[in-house]
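What follows is one structure encoded as structure tokens, with my remarks underneath.
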Amino acid sequence: MFYELVKESKEDNQALEQIINMFEPKLQKTLSLTKLGEREDLAQELKYRLIMYIKRYDVDSIPGFWELKEQIQKGKKIC
Amino acid sequence: MNFEKLDPFCKQKIEEFKEENKDFLENPVVKSFLMEEKNQKLLVEVICDPTEENQKLLDNEFKKFYFDIRFTSYISMVLYFNAINFDKRYRKMLKRHPLTVDQPIKNDTSNTSFNAMLVDVETEIQVEDILRSDNIEDYITNPVLYEAIQSLTEKQKEVISLAYVKGLTDTEISKVLNKSQQAVSKIHKAALKSICKFIEKKGGLKDECM
């Protein structure tokens, strides 16, 4: 579900928003790491960071089925 | 896996593939990927009919699957560590700029707190001020003026004393006596006028009082 969204989010801000909304529950949970009064600030900061990290994320770095197979077999040989 | 419907040739190939790639199939990601029947079918198809198209199909499906896992865990980590860093930064700032005035300024070494360093100019105490008499009558040497001052009311004497012994302004006097500045101003003026009149009566001045 994220694969296409993240790809689109490089240009499409709506896709970006959708991704951030999907992580909202996790974000809310993370807020408990700071004081009550700082939570709104933290939420804003985290959303800003999320945008940065999502935009920077290299979608094509993910190995395919066959690539992973080769990697694992190579790793076995090294060991 | 359920291979009942497949032809024997295909079955054999699958067994071979399984044997060849034991480690790979044991990989948790691959394992959970193949838990889904849809993906199993794709793999079987690729093994039995290894066309480029089928390979690509499987590859894409796997990429999507793997991407979800990697991306979700990546973002979760980003959130977690950024939140921790934020909290750290916040605490550091709080330590450097404490909001309370009664906490030690430096860590432990000295017990001076910020409120001990505050100076209220209004309450500054000077020994001279205490020793010096507040009453203006003690400073007058001219007998006529002395009499004039003695003829004033208590309130007027008080204001005149504060104004000319301590050198306060009307506004400051009003704060000391807990009156409005206007009232003090009035008393002050009236006092000066009555002194002037008194001197005039004694023949010291002629028609110069307002």
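Chains as they are written, first to last, in our numbering: chain A, 78 to 156; chain B, 263 to 472.
Virtual Cβ for every residue (Gly too), placed ideally from N, Cα, C.
Rounded straight-line distance, which links the Cα of residue j to that of residue i
i       : j       : result
S138(A) : E144(A) : 11 Å
D321(B) : L356(B) : 51 Å
D382(B) : V438(B) : 16 Å
K455(B) : S442(B) : 20 Å
Q105(A) : A120(A) : 8 Å
K84(A)  : F286(B) : 28 Å
A425(B) : I457(B) : 15 Å
E462(B) : Q418(B) : 19 Å
T111(A) : R351(B) : 11 Å
N377(B) : T431(B) : 29 Å
I155(A) : I149(A) : For I155(A), the predicted structure reports a pLDDT of 46, less than 50, and the residue's modelled location is therefore unreliable. A value from the coordinates is still provided. Each residue's alpha carbon lies about 10 Å from the other.
Exposure label - residue i; buried when at least 16 CB within 10 Å
i       : result
V292(B) : buried
A453(B) : buried
S294(B) : exposed
T362(B) : exposed
Listed by chain order, chain B residues near residue i by CB distance under 9 Å
i       : result
L119(A) : N344, A345, F348, D349 and Y352
Residue interval of the alpha helix (DSSP H) (run including residue i)
i       : result
N316(B) : E314 to R358
S138(A) : Segment: none, S138(A) is in no alpha helix (DSSP H) and carries neither H nor E.
I411(B) : P405 to Q412
K103(A) : E101 to T107
V308(B) : E299 to C310
Neighbouring residues, chain A, relative to residue i (Cβ below 8 Å)
i       : result
K303(B) : The contacting residues do not exist; K303(B) stays about 14 Å from chain A at best.
L320(B) : F142
N289(B) : L145 and I149
D330(B) : M78, F79 and Y80
Cutoff 8 Å: residue i Cβ touching any chain C Cβ
i      : result
Q95(A) : You won't find chain C in this structure, because its protein chains are A and B.
Closer than 8 Å at the beta carbon, the chain B residues around residue i
i       : result
E101(A) : Ordered by position in chain B, no residue passes the 8 Å Cβ test against E101(A), which lies about 11 Å from the chain.
Closer than 7 Å at the beta carbon, the chain B residues around residue i
i       : result
R126(A) : V340 and N344
Along the segment 335–366 of chain B, what residues have a CB closer than 7 Å to any CB found in chain A?
I337, S338, V340, L341, Y342, N344, A345, I346, F348, D349 and Y352
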